[in-house]
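Q: Structure in structure tokens, see below.
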Amino acid sequence: MYADTDFFLALLKKNDWLKRNAERIYKNYKNEMWTSGLTLNELILISYREGNDPIEIVEKASRLIEIREPIIGTEGYLSACYLMKKYDMTPFDALHAVYCGKDAIISSDKKYDEIGLKRIKLEEK
12 MYADTDFFLA
22 LLKKNDWLKR
32 NAERIYKNYK
42 NEMWTSGLTL
52 NELILISYRE
62 GNDPIEIVEK
72 ASRLIEIREP
82 IIGTEGYLSA
92 CYLMKKYDMT
102 PFDALHAVYC
112 GKDAIISSDK
122 KYDEIGLKRI
132 KLEEK
């Protein structure tokens with residue numbers, strides 16, 4: 012089960028409207044969850060943009076679940092470009108979709124539903 016960036020933001024922020032749901036999902040699925048270095052990249056960018064300590068958020072996130080580095084090759088990057096173009100996805104969301112492969116994705120982003128991924132809905136109780 013692949014955890015998208017918004018899962019970590021909900022879990023690690025002091026106040027987030029999705030925090031309780033993220034905590035529940037983490038409690039129920041933590042041994043099945045993983046994410047990629049792409050998530051860490053995105054967390055670094057968000058921390059930088061918001062003036063927060065990127066070291067702190069990366070350390071916290073990497074202690075929660077396994078970080079994997081899927082090799083997607085040129086075909087994977089082209090697939091992400093296709094998703095961006097066809098479904099108006101952001102580069103990060105398109106790459107998360109490719110990285111998670113056949114695994115379910117934990118996210119509040121409904122774009123993943125549109126492309127046919129199984130999504131654990133972060134916004135639902």
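Per my numbering: the sequence shown = residues 12 to 136.
Quick reminder that beta carbons are idealized off the backbone N, C-alpha and C, glycines included.
Can at least three beta-carbon pairs, one atom from the segment 44 to 51 and one from the segment 76 to 90, be found at a separation below 8 Å?
A: With a cut-off of 8 Å, the segment 76 to 90 and the segment 44 to 51 count as touching, because enough Cβ pairs lie within range.
Q: By the DSSP assignment, the alpha helix (DSSP H) with SER90 in it spans what residues?
A: 84 to 98
Q: Comparing C-alpha positions only, which one of ILE126, LYS136 and GLY112 sits nearest to LYS96?
A: ILE126
Q: Can you tell me whether ARG74 is buried or exposed, with buried defined as 16 or more other CB within 10 angstroms of its CB?
A: exposed
Q: Taking the straight line between their C-alpha atoms, what separation do you get for LEU106 and LYS24?
A: 24 Å
Q: Is the beta carbon of ILE117 closer than 9 Å to that of PHE18?
A: yes
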